[in-house]
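>
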């Protein structure tokens, strides 16, 4: 499998023993999963995206093309 870079959003939910990390990709916001640790959440997202690309190979082609261009999305934060 080619190495691709995706931007992810991780949202901690709950606290203590009930804490989980919801995770999704900015490029593919419909692919969402969660894990009990950050590492588990990332591993599950990787697996979910691989399955998604098997069903929607055109989406993978779009991502590969974006990664080869210099016009990558910029993600930042600003205070209001």
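Numbering (the working numbering), first residue to last: 5 to 84.
Backbone N, C-alpha and C fix where the C-beta goes; we use that ideal spot for every residue, glycine too.
#1: Does DSSP put residue 17 in a helix, in a strand, or in coil?
#2: Rounded to whole angstroms, what is the Cα-Cα separation between residue 32 and residue 50?
#3: Give me, in chain order, the residues of the same chain whose beta-carbon lies closer than 8 angstroms to that of residue 38; leave out the 5 immediate sequence neighbours on both sides.
#4: Which term fits residue 42, buried or exposed, when burial requires 16 or more other beta carbons within 10 angstroms of its beta carbon?
#5: Let me check one thing: in DSSP terms, what residues is residue 27 bridge-paired to?
Checking against the coordinates, here is how it stands:
#1: Residue 17 falls in the strand class under three-state DSSP.
#2: Note on geometry: alpha-carbon atoms of residue 32 and residue 50 lie some 12 angstroms from one another.
#3: So the qualifying residues of the chain are 17, 24, 25, 26, 27, 45 and 48.
#4: Exposed.
#5: The partner list for residue 27 (beta bridge, DSSP) reads 14 and 37.
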